[in-house]
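Q: Taking our numbering, I'd label the letters of the sequence shown as residues -4 to 412. Think of the CB as a built atom: it goes at the ideal place given N, C-alpha and C, for glycine as much as any other residue. Here it is, the structure in full.
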Amino acid sequence: MDNFPPLISWSCDDNDSDEDLILYMLLSVAQDMVPDRGGSSNVEKKHKKWINRDREAAHELLVRDYFVVDSLYDLLKFEERFRISRNLFLRIARDLVRNYEFFQLRWDARGKRGITTIQKYMSALRQLAYSIAADASYEYLKMSERMGRECTYLFCEYVIEIYRDIYLRHPTKSDVEQLYVVHQAKHGFPWMLGSIDFTYWEWANCPNKWHGLFTRGDHGVPTVILEADGKAPEMSYVVNGNEYKYEYHIGDGIYPEYATFVKSYTFPANNKRKMFKLVQESARNDIERAFGVLKQKWHIIKHPARTWDREKLTTVLTGRLICSYTTNDIFNSPAVIQVGSPAYFSRVLEIQNRKTNHNLRHDLTEYIWERQFQGQNDSEDDEDDDGDDEEDDDGGDEEDEDGDDETDDIGDDNDDD
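So, in structure tokens, the structure goes:
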């Protein structure tokens, strides 16, 4: 039965011919688009094809390859492929199973076993280590693209929740003192926390509305900045007879002239400044090498990021950094200053003091010059001492030889007698 009234005939003699024509066209289109009630459609319904992925066999193969006593691949191969040791892998896996349902082994309504913990975990590590697509390990892990992508994001999110207070904590005074000793012994900078630097991570799927915000002229593509920085408790120190309140990082010319940054001289005018520039730039290369090592170890930041969400970029990067740690330390949280309080503004003014920045750089220049000069004097003194010892040794030998000659002469005289 027709769902519409009879079509209206159109006549050129009618005064409302235009309205009738429009109504006629609308009804004609509606009849073509809407099928009759109770009528059958010629369009066949598409059913999703079921694929037997045999996840049980994939899990057993994974166990034989890496987790049994006589596994196909040893511990060294495991760490080369997944960037972490097997002990650390198992430790994180146990924590994930204990705290989150997603990484627990579950069965569906038909009683069929789902994806195991190590399959989900392996998928996430492969994507982080090699920057591969979410379905690149489909044939090995038997996991769909959607599930692989979900494993990576949830793995990073859960790792941050579990280990944030351990590995992303602020350093304690004991930690800072150890940093002082290491940096002074290696680079010659006293009371230095470390280097501050950054690297760029290309964002392939940056939304069009943000292209202008995340694109630099020297790169030409959207990028996000990964910056190595840190916070530490207040510990005063003395350099060249002057006391300073805040620890410092060494950096390049892009950073402001704050009391917590020490930059090199752009145009060193004397030998002292040239020496400081050489030592400072040499020490600053450490953080650049660290970024290079991280990019080679975790290729996900070496290649363009494929996610659309900026928060997921932060989550993935933070989770990857936590996986790089292998130790567990006891920590104490530093005192927190409320933003907007008088103490907060007082600290801001102290840190942004350019005079303190210049004085600190001058004192460090004098310290490094004196340390270098003292080292040269010590080397010269050591060389002089070695020379004196050699001369004494040579003199003793000559005396011994003369003494032997005299003894021989006396013996010859006695023989003559």
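1) In angstroms with no decimal places, state the Cα-to-Cα distance between V58 and L289.
2) Along the chain, where does the beta strand (DSSP E) that runs through S190 open and close?
3) Terminal residues of the continuous alpha helix (DSSP H) containing V176?
4) By alpha-carbon positions, which one of I155, Y61 and D69 ends up nearest to Q114?
5) Whose C-beta lies closer than 7 Å to the C-beta of R121 among residues of the same chain, with five residues either side of it excluded?
6) Around the C-beta of H244, are 16 or more other C-beta atoms found within 10 angstroms, so that it is buried, or is it exposed?
7) Sort out for me which residues DSSP pairs E238 with in a bridge.
8) Do you know whose CA, among N47, R164, I332 and L221, lies nearest E283's CA?
9) Using the Cβ count rule (16 or more neighbours within 10 Å means buried), how would you classify D49?
10) Answer with buried or exposed for D388, where buried requires no fewer than 16 other C-beta atoms within 10 angstroms of its C-beta.
11) Start and end of the alpha helix (DSSP H) containing I155?
12) Report the residue from Y339, I249, L22 and G106 whose alpha carbon sits nearest the alpha carbon of I191.
13) Are the stretch 76 to 84 and the stretch 95 to 108 in contact at 8 Å, needing three or more beta carbon pairs?
14) Output the boundary residues of the beta strand (DSSP E) element that contains V257.
15) Under the three-state reduction of DSSP, which class applies to W45: helix, strand or coil?
16) What is the residue span of the alpha helix (DSSP H) that Y250 lies within?
17) Are L123 and I317 touching if we call contact CB-CB under 9 Å?
18) Would you give the residue range spanned by the alpha helix (DSSP H) that Q291 belongs to?
19) Measure the C-alpha to C-alpha separation of F97 and E197 and round it to an integer number of angstroms.
20) Quick one, which of E152, Y239, L56 and L359 has its alpha-carbon nearest E306's?
21) How many angstroms separate the CA atom of W186 from the CA atom of Q179?
22) Is the beta carbon of N266 closer than 9 Å to that of W205?
23) With 16 as the cutoff for other CB atoms within 10 Å, does L163 come out buried or exposed?
24) Mind checking whether Y362 and V234 have CB atoms under 9 Å apart?
25) Which one of F150, H54 and Y158 has the shortest CA to CA distance from M138?
26) Taking the alpha-carbon of G183 as reference, which of N200, V64 and L273 has the nearest alpha-carbon?
A: Well, looking at it:
1) 28 Å
2) M187 to S190
3) K168 to H182
4) Y61
5) I127 and S132
6) buried
7) V233
8) L221
9) exposed
10) For D388, the predicted model reports a pLDDT of 47, less than 50, meaning its position is unreliable; a value from the coordinates is still stated below. Classification for D388: exposed.
11) E140 to Y162
12) I249
13) no
14) F256 to K258
15) coil
16) Where Y250 is concerned, there is no enclosing alpha helix (DSSP H), given that its DSSP letter is neither H nor E.
17) no
18) N266 to K292
19) 30 Å
20) E152
21) 7 Å
22) no
23) exposed
24) yes
25) H54
26) L273
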